[in-house]
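2 protein chains.
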Amino acid sequence: MKRMSSAERRSELIRAAVRVVGRDGVAAATTRAIVAEAGMSLASFHYAFQSRDEMMRDLIAYVVEEESNAAMQSLVVSGDIRSTIRDGLQAYLDLLVQEPAHELAMFELLHYTLRTPGMQDLAQQQYLNYHSSVTRVVEAGARTAGIEWTVPSVDIARMIVTVTDGVTFAWLADRDTDAAGRVLDFAADALAALAIPLNDTSFSSAPPVLPANAFKETHR
Amino acid sequence: MKRMSSAERRSELIRAAVRVVGRDGVAAATTRAIVAEAGMSLASFHYAFQSRDEMMRDLIAYVVEEESNAAMQSLVVSGDIRSTIRDGLQAYLDLLVQEPAHELAMFELLHYTLRTPGMQDLAQQQYLNYHSSVTRVVEAGARTAGIEWTVPSVDIARMIVTVTDGVTFAWLADRDTDAAGRVLDFAADALAALAIPLNDTSFSSAPPVLPANAFKETHR
DNA sequence: GTCTATAAGGAGATAGAC
DNA sequence: GTCTATCTCCTTATAGAC
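Quick note, the sequences are listed as chains A and B, same order. Quick note on numbering: the first sequence equals residues 85 to 304 in this note's numbering. Quick note on numbering: the second sequence equals residues 85 to 304 in this note's numbering.
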């Protein structure tokens with residue numbers, strides 16, 4: 085294989101590992117499977133990384149970063165707050181149905197961090213990241229829809245993550261998309277009940293502007 | 085080791101495997117680890133089971149059955165429906181905090197079924213079981229609390245499972261018990277809003293009786 | 001029925017030629 | 001820097017003595 089810097093090689097290996105994990109799962113992501121996917125020799129792996137665990141740490145940091153970015157780039161405001169929430173949740177469900185292996189892989193990676201000694205901190209970081217990303221989306225959504233949350237937005241975010249995680253797990257098991265949709269209906273109603281319209285007559289008139297879109301993938 | 089019937093040996097191996105999976109995870113539950121836990125020789129394993137996968141199938145059927153039973157045996161009615169729901173959810177959270185490895189193991193087993201070819205049906209069965217167990221609890225709870233659900237009870241059950249799964253995952257990652265409690269507060273409010281009091285003047289007077297307790301573990 | 005010993009293969013990691 | 005060949009360990013599964 086041609087020469088490349090250690091950094092290049094690490095990045096190519098990580099991207100190969102992401103594909104293997106997404107397709108076949110964490111357990112199948114052996115060093116051999118990863119180098120085969122990347123078209124490298126086995127020795128190159130250990131030239132770039134000291135160990136498989138070191139690579140896994142980097143891989144997890146990489147995907148968490150990627151997902152947090154994805155969460156921010158898609159909130160389509162659809163009139164009232166209830167529709168906005170419901171559409172955002174639906175967009176996540178669509179994503180899940182379209183690429184189930186990806187969501188399953190994210191759960192498996194979390195399990196890996198929870199089971200691997202010395203990596204619990206990474207698991208905590210992973211959810212801290214999700215929750216703060218979704219919090220930002222929730223706050224942007226409130227401004228755009230002209231509402232105010234009656235509970236802290238970080239709690240709203242946690243509820244959204246709770247619902248998407250729960251729906252994901254059940255759907256992965258039973259593939260009942262209609263039932264998942266009914267749960268999202270319920271969640272959207274319940275969350276919208278925590279919003280109150282901003283009294284926008286108290287100031288001039290211009291409704292609070294700000295982001296044009298954010299939401300959709302919710303997280304992960 | 086002393087002689088025992090094949091059935092006995094299978095059951096002892098499964099119980100040993102449950103302990104290993106609960107303590108160290110699915111990946112650590114090798115045939116060697118299991119027979120060591122059970123105090124048997126490696127050959128005994130393959131005398132009782134044709135393969136490790138066959139044992140895993142039996143193990144999963146065993147724990148699913150166990151959990152479904154557990155769900156039914158604890159609903160403490162605490163006055164109104166909102167408190168009943170909240171207390172049931174809290175009991176589940178207490179269980180999670182007390183024995184996190186157990187809940188993590190249940191998720192890992194579901195992943196195992198989702199990833200193992202020819203076992204997807206088991207995953208479906210697993211959730212069908214949970215949902216129907218919780219449905220029965222939800223219906224019993226309605227009768228005891230004298231309310232009626234405004235949506236099918238199987239949907240109520242699915243929402244409860246969604247919330248407990250989602251809360252479990254986030255808690256396993258960040259161990260934020262207070263935040264988990266706030267999500268459960270919200271869930272209890274939202275679910276209680278789907279109940280309407282039964283007009284118990286329409287019949288004689290005796291409120292619908294029935295079970296003395298069911299709930300608490302919710303599922304799993 | 002139950003054991004010890006071993007087969008057969010896959011894993012992570014490394015040595016050493018180029 | 002990159003490769004092939006190999007080391008060592010651990011896995012599931014089986015053969016064959018008792």
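By construction, the Cβ of each residue, glycine as well, lies at the ideal position given by its N, Cα and C atoms.
Measure from the alpha carbon of G250 (chain A) to the alpha carbon of each residue in B:A271, B:W233, B:L179, B:E232, then state which is nearest.
B:A271
Q.
Output needed for P281 (chain B): all residues of its chain with C-beta closer than 6 angstroms, excluding positions within five of it in sequence on either side, in chain order.
A. Cβ within range, chain order: I231.
Q) Tell me which same chain residues have a C-beta within less than 6 angstroms of the C-beta of A222 (chain A), skipping the five on either side of it? A) Note that residue 222 (chain A) corresponds to Val in the displayed sequence, not to Ala. Closer than 6 angstroms at the Cβ level, and outside the excluded window around V222 (chain A), lie S237, I240, A241.
| said: Within 7 angstroms of any Cβ in chain A, is that where the Cβ of A207 (chain B) sits? | reply: yes
Query - E183 (chain B) (DSSP reduced to helix, strand or coil) - result: coil
message: Measuring alpha carbon to alpha carbon, tell me which residue in A:R259, A:G109, A:L278 is nearest Q182 (chain A).
response: The shortest C-alpha separation from Q182 (chain A) is found at A:R259.
Are there three or more Cβ pairs, one per stretch, closer than 8 angstroms when the segment 124-133 of chain A is compared with the segment 85-105 of chain A?
yes
Task: Alpha carbon of A132 (chain B) to alpha carbon of L143 (chain B), nearest angstrom - done: 13 angstroms
key: Pairwise C-alpha distance: A185 (chain B) and R107 (chain B)   = Roughly 6 angstroms separates the two Cα atoms.
- [ ] Could you please give me the residues that DSSP links to A279 (chain A) through a beta bridge?
- [x] A:W233
D171 (chain A) to V245 (chain A) span [Cα, whole Å]:
15 angstroms
Assigned exposure category for E192 (chain B) - 16 Cβ within 10 Å defines buried:
buried
Item to check | Collapsed DSSP secondary structure at M139 (chain A) in the structure displayed | outcome: helix
Cβ-based burial, S152 (chain B) [other Cβ within 10 Å; buried from 16]
buried
Using a Cβ-Cβ cutoff of less than 6 angstroms, which residues in the same chain neighbour M203 (chain A) once the five nearest sequence positions on both sides are dropped?
Contacts found: T197.
Item to check | CA-to-CA distance, L188 (chain A) to A111 (chain A), given in whole angstroms | outcome: Their Cα atoms are separated by approximately 12 angstroms.
Margin query: Output needed for M139 (chain A): all residues of its chain with C-beta closer than 6 angstroms, excluding positions within five of it in sequence on either side, in chain order.
Written below: F133
| Whole-angstrom distance between L194 (chain A) and A257 (chain B), CA atom to CA atom | 8 angstroms
Beta-carbon neighbours of G109 (chain B), restricted to chain A and to distances below 7 angstroms: Going along chain A in sequence order, the residues near G109 (chain B) (Cβ under 7 angstroms) are R199.
Please tell me whether F287 (chain A) has its Cβ less than 7 angstroms away from any Cβ of chain B. Low per-residue confidence applies at F287 (chain A): pLDDT is 48, beneath 50, and the placement is therefore not dependable, though the value from the model is reported in the following sentence. Answer no: the Cβ-Cβ gap between F287 (chain A) and chain B never drops below 7 angstroms.
Test: R116 (chain A) CB closer than 7 angstroms to a CB of chain B: Using beta-carbon distances, R116 (chain A) does not count as an interface residue toward chain B, since no partner is under 7 angstroms.
**Request:** State the DSSP-derived secondary structure class of G202 (chain A), mapped to helix, strand or coil.
**Result:** coil
Original post:
Can you list the residues of chain A that T246 (chain B) reaches, using a CB-CB cut of under 7 angstroms?
Top reply: V247, G250, V251, A254, V267
(request) Kindly indicate which three-state DSSP category A113 (chain A) falls into: helix, strand or coil? (result) The answer is coil: DSSP assigns A113 (chain A) none of H, G, I, E or B.
Residues of chain B with a CB under 7 angstroms from the CB of A263 (chain A): which are they?
R242
Beta-carbon within less than 8 angstroms of R93 (chain A)'s beta-carbon, same chain only, minus the 5 sequence neighbours each way: which residues are those? M124, S128, Y131, A132
Label T302 (chain B) either buried or exposed according to how many other C-beta atoms from any shown protein chain fall within 10 Å of its C-beta, with 16 as the threshold for buried. For T302 (chain B), the predicted structure reports a pLDDT of 48, less than 50, and the residue's modelled location is therefore unreliable. The matter cannot be settled from this model.
Taking only three categories from DSSP, how would you classify L126 (chain A)?
helix
> Pick from B:M190, B:D205, B:D262, B:D269: whose alpha carbon is nearest that of A101 (chain B)?
Replying inline: B:M190
### Task
With a floor of 4 residues, list each alpha helix (DSSP H) that falls wholly inside the segment 206-271 of chain A, ordered by position along the chain.
237-258
Report task. Anything in the segment 129-157 of chain A with a Cβ closer than 8 angstroms to a Cβ of chain B? List those residues in chain order, please. Result -> Of all residues in the segment 129-157 of chain A, none has a Cβ within less than 8 angstroms of some Cβ in chain B.
| message | 7 angstroms is my cut-off, CB to CB: does T302 (chain A) come that close to chain B? | response | Unreliable placement is indicated for T302 (chain A), whose pLDDT of 49 sits below 50; the coordinate value is still reported in the next sentence. It does not: the Cβ of T302 (chain A) has no partner Cβ on chain B nearer than 7 angstroms.
Selected residue, minimal CA-CA separation from V247 (chain A), among A:N213, A:Q174, A:L212, A:A224 = A:Q174
Checklist entry - Using a Cβ-Cβ distance under 7 angstroms, would A274 (chain B) count as near chain A? => result yes
>> Once the 5 residues before and after T219 (chain A) are set aside, which same chain residues still bring their CB inside 6 angstroms of it?
In response: The answer, listed in chain order, is S237, V238, A241.
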